[in-house]
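Counting from 1, position 22 in the sequence shown corresponds to residue 881 in the working numbering; the numbering is continuous, with no gaps.
We put the beta carbon where it would ideally sit given N, CA and C, even for glycine.
Each remark here refers to the structure printed beneath this line.
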Amino acid sequence: MVDTTRLTQAVDHFADRLRAAPQSRLQRGAAGEALGLARELARRAQVLEAPGVEPREMPDAGMFAAADQITVAVHDLAVVLESEDQVAEAMRLVADAQKRAGV
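Shown next as structure tokens:
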């Protein structure tokens with residue numbers, strides 16, 4: 860079993876920052892970065908769960924839902940990660956998205 864605690868904590872922190880961000884920051888790209896991250900995390904989870912099946916794209920539920928979307932996506936991914944390398948790669952994705960989001 861792979862320890863995904865750091866990964867889920869990093870996403871929870873990012874989500875908290877998004878929830879506290881002003882609407883103007885969300886509109887300037889923070890929400891878009893979060894949605895992009897949520898979609899990538901969800902895609903990776905689906906590929907691990909069902910290899911060979913075309914992943915479905917997470918819908919855009921609006922800028923105020925972006926924090927919840929990354930939280931759901933990372934928890935789905937955490938259940939299926941198989942190696943520490945996969946956890947490290949997901950951590951890198953989260954850190955990069957948070958940096959680009961500016962929160």
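For the alpha helix (DSSP H) containing residue i, name the first residue and the last one.
i: Gln945; result: 943-960
i: Leu936; result: 925-939
i: Ala869; result: 864-879
With distances taken from CA atoms, which of the options is nearest residue i?
i: Ile929; options: Val861, Gln868, Met860; result: Gln868
i: Arg865; options: Val946, Ala879, Arg878; result: Val946
i: Asp882; options: Lys958, Ala926, Met860; result: With the sequence shown as reference, residue 882 is identified as Gln, and Asp is not the correct amino acid for it. Closest option to Gln882, Cα to Cα, is Ala926.
i: Val962; options: Met860, Thr863, Asp862, Leu885; result: Leu885
i: Glu899; options: Asp875, Asp871, Val931, Ala880; result: Val931
i: Leu901; options: Ala954, Asp862, Ala956, Asp935; result: Correcting the residue type first, residue 901 is Ala in the shown sequence and not Leu. Out of Ala954, Asp862, Ala956, Asp935, Asp935 has the C-alpha closest to the C-alpha of Ala901.
i: Val938; options: Asp871, Ala904, Val912; result: Ala904
i: Val963; options: Asp944, Arg959, Asp871, Pro910; result: Residue 963 cannot be examined here, being either before or after the span of the chain that is shown, 860 to 962.
Give the secondary structure of residue i by DSSP, where H, G and I count as helix, E and B as strand, and everything else as coil.
i: Val912; result: coil
i: Val861; result: coil
i: Ala889; result: helix
i: Gly895; result: helix
i: Met922; result: helix
By the 10 Å Cβ neighbour count, where 16 or more other Cβ atoms means buried, how is residue i classified, buried or exposed?
i: Ala949; result: buried
i: Arg915; result: exposed
i: Arg878; result: exposed
i: Ala874; result: buried
i: Met917; result: buried
Say whether the region 890-908 touches the region 918-926, bearing in mind that this needs 3 or more beta-carbon pairs closer than 8 angstroms, one atom from each stretch. yes
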